[in-house]
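Below you'll find the structure, written out as structure tokens, and then a few comments.
2 protein chains.
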Amino acid sequence: MTTQDPSGPFAGPETAGRHIPPAAVARLTIYLRALNSLLAEGVERVSSEELAEAVGVKSAMLRKDLSYLGSYGTRGVGYEVQLLTRTIAARLGLTQDWRVAIVGAGNLGRALAGYSGFTTRGFEVAAIFDADPAVIGSDVGGLKVSGVADLEKVLARTGANMVVLAVPARVAQELCDKLVQAGVRSILSFAPVVLQVPAGVEVRKVDMATELQILAYHAQRAQESELHSETHARSGQ
Amino acid sequence: MTTQDPSGPFAGPETAGRHIPPAAVARLTIYLRALNSLLAEGVERVSSEELAEAVGVKSAMLRKDLSYLGSYGTRGVGYEVQLLTRTIAARLGLTQDWRVAIVGAGNLGRALAGYSGFTTRGFEVAAIFDADPAVIGSDVGGLKVSGVADLEKVLARTGANMVVLAVPARVAQELCDKLVQAGVRSILSFAPVVLQVPAGVEVRKVDMATELQILAYHAQRAQESELHSETHARSGQ
DNA sequence: ATGTGTGAATCGATTCACAGCA
DNA sequence: TGCTGTGAATCGATTCACACAT
Numbered sequence: 001m002t003t004q005d006p007s008g009p010f011a012g013p014e015t016a017g018r019h020i021p022p023a024a025v026a027r028l029t030i031y032l033r034a035l036n037s038l039l040a041e042g043v044e045r046v047s048s049e050e051l052a053e054a055v056g057v058k059s060a061m062l063r064k065d066l067s068y069l070g071s072y073g074t075r076g077v078g079y080e081v082q083l084l085t086r087t088i089a090a091r092l093g094l095t096q097d098w099r100v101a102i103v104g105a106g107n108l109g110r111a112l113a114g115y116s117g118f119t120t121r122g123f124e125v126a127a128i129f130d131a132d133p134a135v136i137g138s139d140v141g142g143l144k145v146s147g148v149a150d151l152e153k154v155l156a157r158t159g160a161n162m163v164v165l166a167v168p169a170r171v172a173q174e175l176c177d178k179l180v181q182a183g184v185r186s187i188l189s190f191a192p193v194v195l196q197v198p199a200g201v202e203v204r205k206v207d208m209a210t211e212l213q214i215l216a217y218h219a220q221r222a223q224e225s226e227l228h229s230e231t232h233a234r235s236g237q
Numbered sequence: 001m002t003t004q005d006p007s008g009p010f011a012g013p014e015t016a017g018r019h020i021p022p023a024a025v026a027r028l029t030i031y032l033r034a035l036n037s038l039l040a041e042g043v044e045r046v047s048s049e050e051l052a053e054a055v056g057v058k059s060a061m062l063r064k065d066l067s068y069l070g071s072y073g074t075r076g077v078g079y080e081v082q083l084l085t086r087t088i089a090a091r092l093g094l095t096q097d098w099r100v101a102i103v104g105a106g107n108l109g110r111a112l113a114g115y116s117g118f119t120t121r122g123f124e125v126a127a128i129f130d131a132d133p134a135v136i137g138s139d140v141g142g143l144k145v146s147g148v149a150d151l152e153k154v155l156a157r158t159g160a161n162m163v164v165l166a167v168p169a170r171v172a173q174e175l176c177d178k179l180v181q182a183g184v185r186s187i188l189s190f191a192p193v194v195l196q197v198p199a200g201v202e203v204r205k206v207d208m209a210t211e212l213q214i215l216a217y218h219a220q221r222a223q224e225s226e227l228h229s230e231t232h233a234r235s236g237q
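Same order as they appear, the protein sequences are chains B and L. With UniProt numbering as the guide, the letters of the first sequence map in order to residues 1 to 237. With UniProt numbering as the guide, the letters of the second sequence map in order to residues 1 to 237.
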């Protein structure tokens, strides 16, 4: 019934598959997390109201987001936690194996290699690379550090199909180019630079400096309005 | 549900802006980065076209974003790199000292403590905390790890006004509550959970698992449309 | 009676296109 | 002339409100 293709009358190779709005995709990962918690607690059903409350969104938005997957709820009742969990996971592509290579075995790269959040969510760290000859060959979380010269070879051997880029800003673009050259199409970058990639390569960025600066902006505004209301308070209001 | 809006009913056309749209704030940090590079290279002027190109946005958007700051360009010429850099920095609240406390001295917390991107952008790591008695007192990047029991005391002593939360998901909310209790109003969380905070507290999240899952979604779609076009082109092969 | 699924309305963000100024 | 600054148009994301299934 709701399975009509919202992507329009196009049926070309490029447009294959139903498309979910980016903002909704991002939230689906959050819903999935909450659902996994409910599953672990043995909860069998949730309403959009309850789940929305748990993740801090409006229930109407949650329902609309879920509606992009099809119709998986029961009117008057709610959603089966298990069914919904599986449906979201399948749609996000989490039923297949994702093997992640970490490029950059510095502080951050090593911390990420040991981050349990990857493995518990179905992402296996398959390889780790560095450029420094003093680091190559050393052991990080049970993996031997490979040299970036062997990028293509090691990626192929380990079957890594995603890369986490944890290198200094000044070499990020250069390594990104090498990765693309080696056939990598999905990159999560921690480097504070804008990476240029050809079409067909998906780059996402985690940018701690930007996030702190955004916090600074809001904190400054909060300070200012504090001063402001003090002024108002003293001048009579 | 974010912070209160102190802008009131005033719609002064003269006012070179109180409130900047969130999407624009995020991009201003990126422009600032690019401008700092230009400054380092000794470039004195840029056009919106050049700067937009460098950061991967449309020039009209960049001009609109900058227009929230007021009018700092010269028609027919472009922007003075130095003036623009200072203007953005001032507006983002980066002219004052921000002192960051890192809560959680695990792999990630220690990596962040050593991350040069903080200090080079005007954020000083002022303290680091952990709950583990075996870790408390040890040295991380020149800082002695404090116990979370001393949170309020140490935050006050070090003047930390921002917190980076790098703790396991299951204790994140509890620590968040303690931080809020201790007067912290700006939190950057790496924990993969939705944090509930009272109004007036700003939380931003860096979520590696979510980012990887979004990549997985796109990668799966790419695979699917590949298969699709193979099917279509089955005659060849 | 209850809570989903979804059109319609609203709100915000992006792009267009050009008037206005150096 | 060339490029900024910005209304108007467009596009996407969110919220409202209610018909409809159970």
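Where a beta carbon is used, it is the ideal one built from N, C-alpha and C, also for glycine.
His218 (chain B) classed as buried or exposed, judged by whether at least 16 other C-beta atoms fall within 10 angstroms: When all chains shown are included, His218 (chain B) counts as buried.
Cα separation between Ala222 (chain L) and Gly70 (chain B)? Roughly 21 Å between the two C-alpha positions.
Helix, strand or coil, according to DSSP, for Ser189 (chain B) in the structure here? strand
Would residue 242 (chain L) be called buried (16 or more neighbouring beta carbons within 10 Å of its own) or exposed? One cannot answer for residue 242 (chain L) here, as it falls past the ends of chain L, which runs 1 to 237.
Own chain residues within Cβ distance below 6 Å of Arg234 (chain L), not counting five before or after: Because the pLDDT of Arg234 (chain L) is 49, which lies under 50, any placement of that residue in the model is unreliable, and the question is left without a value.
How many angstroms separate the CA atom of Ser37 (chain L) from the CA atom of Val148 (chain B)? Between the alpha carbons of Ser37 (chain L) and Val148 (chain B) lies a distance of about 26 Å.
Could you tell me whether the stretch 88–102 of chain L touches the stretch 20–29 of chain L, where touching means 3 or more Cβ pairs closer than 8 Å? Yes: at least three Cβ pairs fall under 8 Å.
Return the bridge partner residues of Ile136 (chain B) from the DSSP annotation. According to DSSP, Ile136 (chain B) bridges with nothing at all.
Taking 8 Å as the threshold (beta carbon to beta carbon), is Tyr217 (chain L) in contact with chain B? yes
Closer than 7 Å by beta-carbon distance: list the chain L residues that pair up with Tyr68 (chain B), in chain order. Within chain L, no residue comes near Tyr68 (chain B); the closest Cβ sits about 12 Å away, beyond 7 Å.
Tell me the residue span of the alpha helix (DSSP H) that contains Ile88 (chain L). Its alpha helix (DSSP H) spans residues 81–92.
Nearest to Ala127 (chain B) by alpha carbon, out of B:Leu108, B:Leu35, B:Ala134, B:Val163? B:Val163
Going by DSSP, name the residue or residues bridged to Ile102 (chain L). L:Ile128, L:Val164
Which residues share a DSSP beta bridge with Thr74 (chain L)? L:Gly78
Return no unless some Cβ of chain L is closer than 8 Å to the Cβ of Glu174 (chain B). no
Note down, in chain order, every chain L residue with its Cβ under 9 Å from the Cβ of Met61 (chain B). Neighbours of Met61 (chain B) on chain L: none; closest Cβ ~13 Å, over 9 Å.
Quick one: what does DSSP say Gly122 (chain B) is sitting in, helix, strand or coil? Here Gly122 (chain B) carries a coil assignment [DSSP, helix/strand/coil].
Neighbour list for Arg33 (chain B) in chain L, Cβ cutoff strictly below 7 Å: Pro192
Do three or more CB pairs link the stretch 183–191 of chain B to the stretch 38–51 of chain L at distances below 8 Å? Touching, no.
Is the separation between the beta-carbon of Ile102 (chain B) and that of Ala26 (chain L) shorter than 8 Å? Not in contact: Ile102 (chain B) and Ala26 (chain L) (Cβ atoms no closer than 8 Å).
Taking only the alpha-carbon atoms, compute the straight-line gap between Asp207 (chain L) and Gly104 (chain B) and give it to the nearest angstrom. 19 Å
Run down chain L in chain order and give the residues with a C-beta less than 7 Å from the C-beta of Ala128 (chain B). This sequence places Ile at residue 128 (chain B); Ala is not what is there. Here the premise fails: no neighbours, minimum Cβ distance about 14 Å.
Interface partners of Glu53 (chain L) on chain B, CB under 9 Å: The contact set of Glu53 (chain L) on chain B, defined by CB atoms closer than 9 Å, is empty, because the minimum CB distance reaches about 10 Å.
DSSP on Ser47 (chain L), reduced to helix/strand/coil? Coil.
Does the beta carbon of Gln220 (chain L) come closer than 8 Å to any beta carbon on chain B? yes
For Glu41 (chain B), three-class secondary structure by DSSP: coil
Can you pull the chain L residues whose beta carbon is under 7 Å from the beta carbon of Arg185 (chain B), in chain order? Here the neighbours are Ala219, Ala222.
Between Asn36 (chain L) and chain B, is the shortest Cβ-Cβ distance under 8 Å, so that the two count as touching? no
Which same chain residues end up closer than 8 Å to Val81 (chain L) when comparing Cβ atoms and leaving out the 5 residues on each side of it in sequence? Leu35, Leu38, Leu39, Val43, Glu44, Arg45, Val46
Member of L:Gly109, L:Thr29, L:Asp65 whose CA lies at the smallest distance from the CA of Gly141 (chain L): L:Gly109
Name the residues in the stretch 106–137 of chain B whose C-beta lies less than 9 Å from a C-beta of chain L; which are they? Gly106, Asn107, Leu108, Gly109, Arg110, Ala111, Leu112, Ala113, Gly114, Tyr115, Ser116, Gly117, Phe118, Thr120, Arg121, Gly122, Phe123
Please confirm whether Leu39 (chain L) has its beta-carbon closer than 8 Å to some beta-carbon of chain B. no
At a Cβ threshold of 8 Å, is Gln159 (chain L) touching chain B? The amino acid occupying residue 159 (chain L) in the given sequence is Gly; Gln does not appear at that position. Output row for Gly159 (chain L): interface = no.
Return yes when the Cβ of Val125 (chain L) is within less than 8 Å of the Cβ of Val55 (chain B), no when it is not. no
Closest residue to Pro198 (chain L) among L:Leu179, L:Arg86, L:Leu84 (Cα-Cα distance): Nearest C-alpha to Pro198 (chain L) among L:Leu179, L:Arg86, L:Leu84: L:Leu179.
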